[in-house]
Amino acid sequence: ETPEAAEQWGFKVKQSTRNILMPQTRPQRLALLNAYIAKEESRPAEERFTTPDLAEVVALRDDLKANLAVRRTSQNRRKASLTASNDTLKALYECIRAAGTVILIKHFNRTIHQDLTKWGFEVVKRQPKGKDTDAAPAANGTSTNGAATPTSAETTTTNGAETTPPAETSTNGSVDLNGATEVVVELGDQG
C-alpha cells in the first residue's frame with residue numbers, strides 16, 4: 212500500500228517526500244504503539260499483520276509504560292530526597308555556625324585564635340580585603356615607597372577619610388587580629 216495508509220496505524224508521513232517518519236521520543240513511541248494496537252485490534256484476525264505479532268507489540272507497549280512509570284516514580288523520589296537533604300544541610304550549616312559562635316565566646320573570649328583548628332575550623336592568615344600585599348608597611352613604620360605610614364592598627368582609611376573604629380569591631384564575621392587573620396568555614400554552596 213501507499214505510505215499514506217501507514218497513518219492509520221499511527222505513523223507520521225512527510226508529505227513532500229512521502230517518507231514514513233519514525234518516532235524520536237518516548238511519548239511519540241508510546242503514542243505510535245497505542246495507535247498501532249488500536250488499529251490492529253479493530254481489524255479482523257485474518258487481516259492483521261503477522262509480523263510483528265500483535266501480542267509482542269502489546270507486551271512491548273506495556274513494558275514501555277511500566278518503565279516510564281518506574282522512571283517517573285524514581286525521578287520524583289530523587290527530587291524529594293534532594294530537597295530533604297538540602298534542607299538538612301542548611302540546618303546543619305546553621306548549627307555549625309552557631310557552634311562556632313559558642314566556641315568563640317566560651318573558649319576564645321570572642322577572638323579568633325589559631326587553636327580553632329583543634330575544633331575543626333580552618334584558620335587562614337590573609338591580607339585584609341582591599342589592601343595590596345606590596346603596600347604592607349614595614350616594621351619600622353615606612354612603606355616600600357619611602358613614605359611614612361601610621362603604625363596604629365586602629366586607624367582605617369575609607370573613601371579618603373580616616374576613622375578610628377572601636378577596639379572590638381568585627382566586619383563580615385572576621386575579627387582583626389593584627390590585621391591579617393580570619394576564619395574560613397567551607398561547607399559547600401551554603402551561605
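So the number in our numbering is just where the residue sits in the sequence shown, counting from 1, plus 211. Each residue gets a CB set at the ideal place from its N, CA and C atoms; glycine is no exception.
Our contact map puts residue i next to residue j with C-beta atoms below 8 Å; I'd like the distance itself, whole angstroms only.
| i | j | result |
| --- | --- | --- |
| Leu327 | Val334 | 5 Å |
| Gly221 | Ala256 | In fact, because the Cβ distance is near 20 Å, the residues do not count as touching under 8 Å. |
| Arg272 | Leu300 | Contact flag wrong, Cβ pair sits at about 42 Å. |
Closer than 6 Å by C-beta to residue i: which residues in its own chain qualify, once you throw out the five before and the five after it? Chain order, please.
| i | result |
| --- | --- |
| Leu232 | Lys223, Lys225 |
| Pro234 | Arg240, Leu243 |
Helix or strand or just coil, what does DSSP make of residue i?
| i | result |
| --- | --- |
| Ile231 | strand |
| Lys340 | coil |
| Gly384 | Note on Gly384: pLDDT 48, under 50, position unreliable in the model; the coordinate value appears next. Coil. |
Comparing alpha-carbon positions, which option in the options lies nearest residue i?
| i | options | result |
| --- | --- | --- |
| Ala217 | Ile248, Lys276, Thr322 | Ile248 |
| Gln239 | Trp330, Leu265, Leu275 | Leu275 |
| Ala266 | Arg283, Leu244, Thr284 | Leu244 |
Can you tell me the Cα-Cα spacing of residue i and residue j, whole angstroms?
| i | j | result |
| --- | --- | --- |
| Glu379 | Thr312 | Annotation note: pLDDT 48 at Glu379 (below 50); position unreliable, no value reported. |
| Asn278 | Ile307 | 42 Å |
| Gln219 | Tyr304 | 60 Å |
| Arg254 | Val269 | 15 Å |
| Glu215 | Thr262 | 20 Å |
| Ala364 | Pro339 | Note that Ala364 scores a pLDDT of 47, beneath 50, so its modelled location is shaky; the value from the coordinates is reported in the next line. When rounded, the distance between both Cα atoms is 12 Å. |
| Ala310 | Trp330 | 10 Å |
| His324 | Val281 | 54 Å |
| Thr294 | Ile316 | 33 Å |
| Asn287 | Asn230 | 38 Å |
| Asn297 | Thr228 | 52 Å |
| Ser285 | Thr236 | 19 Å |
| Ala302 | Arg337 | 29 Å |
Give every residue of the same chain whose Cβ lies closer than 8 Å to the Cβ of residue i, excluding the five residues on either side of it in the sequence, and list them in chain order.
| i | result |
| --- | --- |
| Phe319 | Asp326, Leu327 |
Please confirm whether any heavy atom of the ligand MN lies closer than 7 Å to the CB of residue i.
| i | result |
| --- | --- |
| Pro234 | Only the bare structure without any ligand can be found here, which leaves the ligand MN out of the picture. |
I'd like the list of long-range same chain contacts for residue i, defined as Cβ closer than 7 Å, with 5 residues on each side in sequence excluded.
| i | result |
| --- | --- |
| Arg259 | Glu251, Leu265 |
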